[in-house]
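Enquirer: Quick mapping for you: the protein sequence lines, in order, are chains A and B.
Mapping of the first sequence onto full-length UniProt numbering: position 182 corresponds to residue 182, and the numbering continues sequentially without gaps.
Mapping of the second sequence onto full-length UniProt numbering: position 134 corresponds to residue 134, and the numbering continues sequentially without gaps.
Just so you know, even glycine gets a beta-carbon here, dropped at the ideal spot from N, CA and C.
This is the structure I want to talk about, given as structure tokens.
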Amino acid sequence: MSNVLRIILQRLALGLLTLFVVSVVIFAAVNLLPGDFAQVILGQGATPQAVESIRRDLGLDQPVVLRYFDWLGGALTGDLGTSFAQANFASFVGEGAARGTTVMQQIAPRFANTMFLAGVTALIAVPFAVGLGILAALYRNTAFDKGANVFALTSISSPEFFLAYVLILFLAVLNPILPSLSNIYAGMGLGERLERTLLPALTLTLVVTAHMMRMTRAAIINLLASPYIEMARLKGMSPMRVIVKHALPNALAPIINVIAINLAYLITGVVVVEVVFVYPGIGQLFVDSVKIRDIPVVQACCLIFAAAYILLNLVADILSILSNPRLRHPK
Amino acid sequence: MTEPLLKIRGLTLEGLSDETWTQIVNGVDLDLHRGEVLGLIGESGAGKSTIGLAAMGFTRDGVRISGGSVEFDGIDLVNARMGVKRDLLGKRIAYVAQSAAASFNPAHKLIDQHTEAPVEHGVMNEKESQEDAMRLYERLRLPNPEEIGFRYPHQVSGGQLQRAMTAMAMSCRPDLIIFDEPTTALDVTTQIEVLAAIRDIVEQFGTAAIYITHDLAVVAQMADRIKVLFRGDEVEEAATRTMLDSPQEDYTRSLWAVRSFERPEKPAPAAGAVPVISVDAIDAFYGDVQVLRGVSFDIHEGRTVAVVGESGSGKSTAARCITGLLPPRSGVIRLDGEELPLDYRKRSKEQLRQIQMIYQMADTALNPRKTIGEIIGRPVEFYRGLKGAKRRDRVAQLLHEIELPPGEYIDRLPSELSGGQKQRIGIARALAAEPKFIICDEVTSALDQLVAEGILRLLARLQDERKLSYMFITHDLATVRAISDEVVVMKDGEVVEQGPKREMFSPPHHPYTDLLLSSVPEMDPDWLTNLLEERGRDNIGDAAVNKMA
């Protein structure tokens, strides 16, 4: 067991290192963006003096390296800084920059919403996709298999907004079962929240199913020529049992990895769906902040996205390791 | 006479190759009575495994039953519905596969795989089956029968796994078990304990069995009757003793005669002669694990040194050290008396040229996308600098030397060649460098006996013509007897004995050499019985090896 523990600790350390490198990249990239918050916010009235004064207020006149470590130090202690837009607004009404809403306060509810949507989607999509993959492997090369493939590939090939509108058409307009708008807010009951989240979750399910289903199918079929699968058949086991009990446990590693990548996508890449359903997630906040060059918010979002990717891949790695009995039970 | 348990009539099977169905078994009849053991013997491609599986009403992908009947206890298995067959499989007909390591599911404990069939078929409940498993493990003389089932397959040795698989086949007390080469992948010392265990348990429960193998000496110990197959046809069938004493057919006699090839041992090298390869006290490690301990041996010009030992004894590792692929941590390797850099990357092209290698699996050692001309042409160009027409001429000459007509083979791909032909290409590729020394790593183990003999004769001829030196790694003592001048016996990374062949095959031996030699099955059907009486049940296989440690 110490063996597995060592590998896990190694991966964890590696994950932290990756996160650090990513933070450098994010900071550099964001600072290389053309345009400047002061100029964007002032628009026509951007006199050199006014620009200079805003830049000084926000600390933008400091050297980049200094600003990076300032930001990193803050981020490590849970302080992601103050949104430029909020700080600027605060200074207009005569208060200090420190009184503005912090990035943390701005992001937290949005992030919670995103996680809620991702969670609901995952609960629907993962069992659905893996189950479909298992059935496709079981009935491989039959009409069912081909149908499932066509369905999955069609959904992944269609633009997300199109899928969203199709679902709205069928489930909200023609058969008004679900609300077409998903404007959830704090204090809403769980039932109502779920109801409003269902349509975007279904849309995203269609988007992420193909990958997971096809990997499940391929990973299982890949093993069907193994001698131990033949052995299971020769023991008179039913085809379903052969696949679920004998093939699936050995096919877990690649499936887990594809699931992780898709879950990460659910956290970081769903802005289009959020816009269509007016869902107050982190994606919309991110795009809005990029538009007005609100650097602290953009950086914080990027960091969260990166952390989500790294964390999910880390978990996938660890689960893959644990799915291998050779590592769980050394000689 | 009572109706046989298994009755096969006119069975024909077809295999899919190049998208056309071709017949691979041409109408075979077979009767098997309760409690009887039938040996199916033949070379690869004879159709023995295919027939064995068809006897269970099962075909692999790309194979189909095209005619004839298979009747098990009155049930027609060819036309039975899947559900009917599934009720029989595992419960009344069981299978023991060639490689237990590959046929046990790596994700589940042995005992869970053991109890699966009894529980799913409703023969026993989980707990009864577990207790029964422990009794069977004990009966099959597995160590710690109470505990061993709770291990995963990778935690158990090959010989033990093969016995656990036999126990698994017994789990529902079937009427018939198909043993498909159950000891082919095992070392000789391990093979004995598995053979003894299988024979014992089959006798005890009166189970009928089909025992498939290509090893005559093995089948002689196990079977009541032997059926010889050749390319999908039955050659002959007779009771074991009759078959061994007076085979009727030429083909059968040729199988019996294969072991006759033996070249005379060459005179000892002159005193003071400098060996071509000298390995001097090398220690090698995989990570922190020491795999070679002070290994030393010399190989003189024009001579063959056979390195024997069981899997894990360090034979192939020693070869990797000589080639420089695995630089030893200490020790010296000399070529013609001159010290070689231990890492191949530091050796000169000339030094690299002198040491070539031929591999066990010609299938994987040849690039499937290159033609034979390209495969052999590459070392011709790399070491000899020949290009264009000169290169092609040289390749043709090499093909001629390995007895393949160049015009026919030079533009073919490896997949268009038979196993023996592929191995010949491997030899030609090694010859292309015009080396002094060739390492042959189990080059005949994957081949049928007749084909293997052809390869051995070719290697012997080339050695005589070119004064080549061979390091011949093998676990097969018959091969050692056939071609070697000197023998090095290895065990656990050390050389336990070495000397001229004549001395090695005549007593007194080192006890380990003795164990190895006496573990090789002989044609005598009473060999196993006598050996067990002589040595005692507790003095074979792993137990005997461990006693020596």
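Shorter than 8 Å from the beta carbon of B:H154 to some beta carbon of chain A?
Expert: Judged by the 8 Å Cβ criterion, B:H154 is in contact with chain A.
Enquirer: Between A:M231 and chain B, is the shortest Cβ-Cβ distance under 8 Å, so that the two count as touching?
Expert: Cβ-Cβ to chain B under 8 Å: yes for A:M231.
Enquirer: Under 8 Å between C-beta atoms, does B:E14 make it to chain A?
Expert: Answer no: the Cβ-Cβ gap between B:E14 and chain A never drops below 8 Å.
Enquirer: If we require 3 or more residues per run, which beta strand (DSSP E) segments fall completely within the segment 120 to 183 of chain B?
Expert: The qualifying runs are 176 to 180.
Enquirer: Tell me which same chain residues have a C-beta within less than 8 Å of the C-beta of A:L194, skipping the five on either side of it?
Expert: Same-chain partners within the cutoff: V120.
Enquirer: When the cut-off is 8 Å and only beta carbons count, does B:A117 lie next to chain A?
Expert: Chain A contact via Cβ: present.
Enquirer: Since B:H114 meets chain A, which of its residues come closer than 9 Å, beta carbon to beta carbon?
Expert: In chain order: nothing, as chain A lies at least about 10 Å away.
Enquirer: For B:C440, list the residues DSSP reports as bridge partners.
Expert: Note: B:C440 sits in a beta bridge opposite B:I358 and B:F472.
Enquirer: Note the first and the last residue of the continuous beta strand (DSSP E) segment covering B:K491.
Expert: First-last of the beta strand (DSSP E) with B:K491: E486 to K491.
Enquirer: Locate the alpha helix (DSSP H) running through B:N530, then write down its first and last residues.
Expert: W527 to R535 is the span of the alpha helix (DSSP H), which, as asked, contains B:N530.
Enquirer: Using a beta-carbon distance cut-off of less than 9 Å, what residues from the segment 203 to 228 of chain A approach chain B?
Expert: If the cut-off is 9 Å between Cβ atoms, the segment 203 to 228 of chain A has L224, A225, S226, P227 and Y228 near chain B.
Enquirer: Please name the residue, chosen from B:I277, B:A197 and B:D132, that lies closest to B:L468 on a Cα-to-Cα basis.
Expert: Comparing Cα-Cα distances from B:L468 to each of B:I277, B:A197 and B:D132, the minimum goes to B:I277.
Enquirer: In chain A, which residues lie with their C-beta within 9 Å of the C-beta of B:L77?
Expert: Those within 9 Å of B:L77 in chain A number zero; the least Cβ separation is about 13 Å.
Enquirer: Mind checking A:S182: buried by the 16 CB within 10 Å criterion, or exposed?
Expert: The residue in question, A:S182, is buried, as its Cβ has 16 or more Cβ neighbours within 10 Å.
Enquirer: Counting only Cβ pairs nearer than 9 Å, list the residues of chain D close to A:S320.
Expert: The structure shown contains no chain D; the protein chains it does contain are A and B.
Enquirer: Among the residues of its own chain, which have a CB less than 7 Å from the CB of B:L140, if the five just before and after it don't count?
Expert: R163, T166, A167, A197 and I201, listed in sequence order.
Enquirer: Residues of chain A with CB under 7 Å from B:S99, in chain order?
Expert: By Cβ distance, chain A contributes P227.
Enquirer: Run through DSSP, which three-state label would A:V278 get?
Expert: Correct three-state label for A:V278: coil.
Enquirer: Closer than 8 Å, CB to CB, is A:A28 near chain B or not?
Expert: No, A:A28 lies away from the interface with chain B (no Cβ there is under 8 Å from its Cβ).
Enquirer: Should B:S99 go down as buried or exposed, given a rule of 16 or more other Cβ atoms within 10 Å for buried?
Expert: Looking at its Cβ environment, which holds 16 or more other Cβ atoms inside 10 Å, B:S99 is buried.
Enquirer: Within 10 angstroms of the Cβ of B:M82, are there 16 or more other Cβ atoms? Answer buried if so, exposed if not.
Expert: Under this definition B:M82 is an exposed residue.
Enquirer: B:Y383 to B:L335, Cα distance in whole Å?
Expert: Rounded to the nearest angstrom, the two C-alpha atoms are 18 Å apart.
Enquirer: Is B:I410 helix, strand or coil by DSSP?
Expert: Coil at B:I410, not helix or strand.
Enquirer: I'd like to know if B:S103 contacts chain A, where contact means its C-beta is closer than 8 Å to some C-beta of that chain.
Expert: Yes - at least one Cβ of chain A is within 8 Å of the one on B:S103.
Enquirer: Give the DSSP bridge partners of B:K227, in chain order.
Expert: Note: B:K227 sits in a beta bridge opposite B:L40 and B:E237.
Enquirer: Under DSSP, the alpha helix (DSSP H) around B:I299 begins and ends at which residues?
Expert: It is not in any alpha helix (DSSP H) - B:I299 instead sits in the beta strand (DSSP E) that spans V289 to I299.
Enquirer: Can you find the residues in the same chain that come closer than 6 Å, C-beta to C-beta, to B:D298, ignoring five residues on each side of it along the sequence?
Expert: Only P275 and S278 meet the Cβ criterion.
Enquirer: Can you tell me the Cβ-Cβ gap for A:V298 and A:G283, rounded? I've got them flagged as a contact below 8 Å.
Expert: At roughly 12 Å, the Cβ-Cβ gap does not stay under 8 Å, so A:V298 and A:G283 are not in contact.
Enquirer: Please name the residue, chosen from B:D492, B:G493, B:R9 and B:H509, that lies closest to B:P500 on a Cα-to-Cα basis.
Expert: When only C-alpha atoms are compared, the closest one is B:H509.
Enquirer: Under the DSSP definition of a beta bridge, which residues are partnered with B:L89?
Expert: Note: B:L89 sits in a beta bridge opposite B:I93.
Enquirer: Does the pairing of the segment 51 to 65 of chain A with the segment 24 to 41 of chain A give three or more beta-carbon distances under 8 Å?
Expert: Yes, the segment 51 to 65 of chain A is in contact with the segment 24 to 41 of chain A.
Enquirer: If I follow the unbroken alpha helix (DSSP H) through B:Y383, where does it start and stop?
Expert: B:Y383 -> alpha helix (DSSP H) spans I372 to R384.
Enquirer: Just to confirm the assignment, what range does the alpha helix (DSSP H) spanning A:I261 have?
Expert: Element bounds for A:I261: L248 to T268.
Enquirer: Less than 8 Å between CB atoms is the rule here; does A:M240 satisfy it with respect to chain B?
Expert: Judged by the 8 Å Cβ criterion, A:M240 is not in contact with chain B.
Enquirer: Could you tell me the alpha carbon to alpha carbon distance between B:E494 and B:D485, rounded to whole angstroms?
Expert: C-alpha separation (whole angstroms): 20 Å.
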